[in-house]
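Have a look at the structure below before the remarks.
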Amino acid sequence: MLYLRLMWEGKFSSRGFTLVELLLVVGLLGILSTVALVAVDPGARIAQARDVQRKADLRQIANALDTYYIDHEEYPHPCALVQGFGECASANLSQWPAELNVLLEEGYLKTLAADPVNNAFASVFQTNGLSYFYVSWDDPSVGAVAGKYYILGAFLERDDDPLMLGNLGGGLSRPKWPDCSTDIGFDGRAYLLRSYQCPNDPEGSL
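Take 1 as the starting number for the sequence shown in UniProt numbering and just add one per residue.
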């Protein structure tokens with residue numbers, strides 16, 4: 001009854017926002033959106049998404065390589081050179097070398113993924129672009145026999161990724177070559193998947 005009486009006497013009103021109040025709200029929203037854009041860098045988010053794609057692509061290729069090995073008792077090694085440094089790469093705006101098409105031809109993969117940027121490749125020992133790479137070369141000095149192991153990798157964009165080669169184990173040590181004693185000296189921005197592991201690899205090595 002009191003509520004009805006107050007309504008009757010006009011004690012409650014249903015007035016809307018004034019122009020000043022609306023301008024104040026719009027101004028506050030503008031400030032908050034600016035702060036959010038600064039805090040969440042769109043470029044960094046896009047780079048992070050590309051790094052996630054790189055890891056997923058490499059895992060798919062690695063699974064195909066492991067199945068290929070079960071069937072053939074060796075990994076593809078079209079780019080292996082004696083005493084090595086003959087890495088394959090999906091680079092320079094092109095695709096992987098034709099020899100790796102065996103993974104497609106024999107049904108291990110439907111497509112052979114390339115890096116989302118895929119703009120250049122110089123060497124596994126320096127970042128000169130963004131591409132995927134595959135290593136299965138001969139190098140007796142590190143226990144490497146072509147076709148009996150692989151190292152599959154990509155260069156990541158985010159410096160703070162804990163699985164980046166330069167960040168593994170606090171950056172104090174590297175994953176090892178097949179001899180399990182020699183550090184892999186690839187560029188620190190590399191992310192690697194290997195067909196083998198060593199007991200003395202730093203934590204997080206794949």
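Positions of the beta carbon are idealized from the N, C-alpha and C atoms, including for glycine.
Quick check: the Cα distance between residue i and residue j, rounded to an integer number of angstroms?
i: L58; j: G43; result: 23 angstroms
i: F125; j: K176; result: 15 angstroms
i: L156; j: A49; result: 11 angstroms
i: A47; j: F186; result: 21 angstroms
i: P202; j: R174; result: 6 angstroms
i: I31; j: L22; result: 14 angstroms
i: N118; j: L104; result: 20 angstroms
i: A113; j: R158; result: 20 angstroms
i: V38; j: L19; result: Only weak support is given to the placement of V38: the predicted model assigns it a pLDDT of 46, under 50, and the value that follows is read from those uncertain coordinates. Computed Cα separation, rounded: 29 angstroms.
i: D51; j: L28; result: 35 angstroms
i: G188; j: E74; result: 28 angstroms
i: D183; j: V102; result: 30 angstroms
i: R45; j: G166; result: 21 angstroms
For residue i, which three-state DSSP category applies?
i: D139; result: strand
i: I151; result: strand
i: D183; result: strand
i: R194; result: strand
i: Y108; result: coil
i: Y75; result: coil
i: A144; result: strand
On a Cα-Cα basis, can you pick out the residue from the options that is closest to residue i?
i: Y69; options: Y196, A190, S205 and D201; result: Y196
i: S136; options: G188, R194, S205 and T111; result: R194
i: L152; options: G107, A190, N167 and G129; result: A190
i: A154; options: E73, T18, V25 and A62; result: A62
i: residue 216; options: S123, T18, G147 and V52; result: This structure cannot settle anything about residue 216, because the visible part of the chain is limited to 1 through 206.
i: S181; options: S141, P162 and V145; result: S141
i: P178; options: L163, V102, L165 and D138; result: D138
i: P162; options: L109, L24, V26 and K55; result: K55
i: M164; options: C198, L192, G143 and V145; result: L192
CB residue i to CB residue j, shorter than 9 angstroms?
i: D160; j: Y132; result: no
i: L100; j: Y134; result: yes
i: G107; j: A120; result: no
List the whole-angstrom C-beta distance separating residue i from residue j, where the pair is believed to meet the contact cut-off of C-beta under 8 angstroms.
i: residue 223; j: S205; result: Residue 223 lies beyond the stretch modelled for the chain, which goes from 1 to 206, so this question has no answer here.
i: L109; j: A64; result: 5 angstroms
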